[in-house]
Amino acid sequence: MEPIITCTNRNMNSTKSIEKKVWPEYFQKILDGVKTYELRLADFQCNPGDTLVLQEWDPNTKEYTGRKLEKTVTYVGKTKDLSFWSKEEIEEYGYQIIAFK
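So in UniProt numbering, the last one in the sequence shown is 101, and the numbering has no gaps at all.
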């Protein structure tokens with residue numbers, strides 16, 4: 001499914017509202033404030049100031065549950081541009097995202 005992206009104009013800056021599906025176990029952790037990040041395929045443009053509209057999606061029923069959250073993007077890091085590790089290291093260990101406050 002293609003992301004739904006709409007552009008708005010806030011204070012002369014162009015920002016987007018980006019709708020994304022989130023599975024129930026992750027949605028609840030975001031709602032509870034435990035999960036403060038998203039790991040996504042970079043198949044859409046996203047910038048600080050944009051709004052993520054996170055909609056709870058049940059993969060078993062293949063339907064939205066009706067719960068929705070809006071979060072403001074504060075930082076976007078893309079791994080394709082990073083060359084800290086070799087391809088072999090990445091294939092062996094993978095990536096992890098560490099959130100902190």
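Cβ coordinates follow ideal geometry from the N, Cα and C atoms, glycine included.
- Item | Residue of Gly66, Thr79, Leu52, Phe27 minimising C-alpha distance to Lys16 | Looking up residue 16 in the sequence shown gives position 16. When each option's Cα is compared against that of Lys16, the closest is Leu52.
- Which listed residue (Tyr93, Thr79, Ala99, Tyr75) has its alpha carbon closest to that of Asn47: Here residue 47 is taken as the residue at index 47 of the sequence shown, counted from 1. If we check each option's Cα against that of Asn47, Tyr75 comes out closest.
- Query: If you pair each beta-carbon of the segment 59-66 with each one of the segment 93-100, do three or more pairs fall below 8 Å?
  - Reply: Output reads no: the segment 93-100 does not touch the segment 59-66.
- Message: Three or more C-beta pairs under 8 Å: does that hold for the segment 78-90 against the segment 21-40?
- Response: Flag = no, the segment 78-90 and the segment 21-40 do not touch.
- Neighbourhood of Asp50 by C-beta distance below 8 Å, restricted to the same chain and skipping five residues each side: What you label residue 50 is simply residue 50 of the sequence shown in a count that begins at 1. Once the five neighbours on either side are set aside, the close Cβ partners of Asp50 are Thr15, Lys16, Ser17, Ile18, Thr72, Val73.
- In the structure shown, what three-state DSSP assignment does Leu52 receive? Sequence index remark: in the sequence shown, residue 52 carries index 52 (1-based). DSSP, reduced to helix, strand and coil, places Leu52 within a strand of the structure shown.
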